[in-house]
Each structure stands twice: as structure tokens, then as C-alpha cells.
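Residues 227 to 374, numbered by my numbering, are exactly what the sequence shown covers, in order.
For glycine and all other residues, C-beta sits at the position ideal for the given N, C-alpha and C.
Below: one structure, written as C-alpha cells.
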Amino acid sequence: MAKKKGLSQVVSTVVLIALTVALVAGTLIIVRNYVTKGLGDASACNDILEKISLNEEYTCFDPTTNSTLISISRNEFALDSLLVSVSYEESGTTFYLKNEAETIENLRDYSSGSTLVSLPKNESGKTYCLAQIYSAPSIIQIAPKRGS
227 MAKKKGLSQV VSTVVLIALT VALVAGTLII VRNYVTKGLG DASACNDILE KISLNEEYTC
287 FDPTTNSTLI SISRNEFALD SLLVSVSYEE SGTTFYLKNE AETIENLRDY SSGSTLVSLP
347 KNESGKTYCL AQIYSAPSII QIAPKRGS
């Protein structure tokens, strides 16, 4: 009988199983790290969204003055700016509220009447009056920005 120089079927099967297990384990480690990092970033955004909101009780359109009142409530957290988007059937307007008071066209502080507007302080709220609006908005949205 001649000497066989190849691998036996048992050894070949064991090597294939070991390679498959190693490949699956490597893939799972990569996917787990990717998903964990992605979920961490997503939860940071969810935390912000819960800490600033539109106060629906005081957000409305006033047809007698052609203005929209926008009321924003803020809990305690660091915030750089807030994008406010007011959409109408055919158009819309957007503006950024920042920590520093600034003038924004057609926008004023509702309680003081001042044209210098800024974000509400921590644990407070503010109502703003957006003037020269001739129809009720279809949607008002806010998007907070924190950090760079």
C-alpha cells in the first residue's frame, strides 16, 4: 500500500469548522462594536430632545395680529443653539435662537416686546412672536444643537 500524503477527511472537516467559527466570531465582534457606538450616539440625541420642547398650550396663530406665537420650554442642560422651523402651505421660515441675544427679522420676545431674542435660560421657558404671518402654520419644528 502506498503512503498517503494528504489530510484525512476528519482533519479537513475540523479545520473548516475552526475557520468558520473564527470568521463568525470576528464578524460578531466588529458588528457589536459598530452597533454599540451607533446606539451611544443616538441616545445622546434622544436625551437632548426630551429636555427642550414646544409648549403647545401657548404656541398658536393669532389671525387678528397676523402673528404666530411660539412657546419653548427648556430643562437644565447645555445648549448652543436651537433651530426653529415654521412651515406654511406654500413657504416657510427658519431661524436660530442662541444664548446671546440678537435681532431676528420679524421675531420678538412676546413678554417684553423686545426685538432682541435669545434661548430660554435653563429650567425656564419663553414665548416668541413671529410677526407678518398671513396664514396659520402647518407645522412648527425645533432642532437643538449642542457642542460642535
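If you draw a straight line from the Cα of Asp-288 to the Cα of Leu-309, it is about 22 angstroms long. Sequence-distant partners of Thr-319 (beyond 5 residues in either direction) whose C-beta falls short of 6 angstroms from its own C-beta, in its chain, are Val-312. Only buried fits Ile-278, as 16 or more other CB atoms lie within 10 angstroms of its CB. According to the DSSP secondary-structure assignment, Leu-309 is paired through a beta bridge with Tyr-322 and Ala-369. Here Thr-329 is exposed. Its C-beta has fewer than 16 other C-beta atoms within 10 Å. Linking Glu-276 to Ile-368 through their CA atoms gives a straight-line distance of about 12 angstroms. A direct Cα-Cα distance of roughly 37 angstroms separates Val-343 from Lys-263. Contact check for Leu-305 against Ile-274 passes: the beta carbons are separated by less than 9 angstroms. Here the alpha carbons of Leu-245 and Val-237 stand approximately 12 angstroms from one another. Uninterrupted beta strand (DSSP E) stretches at least 3 residues long and entirely within the segment 282-308 occur at 286-288 and 293-300, given in chain order. When the five nearest sequence neighbours on each side are left out, the beta carbons in the same chain lying within less than 6 angstroms of the beta carbon of Thr-341 are those of Thr-329 and Arg-334, in order along the chain. Counting along the chain, Thr-353 sits inside the beta strand (DSSP E) bounded by residues 350-356.
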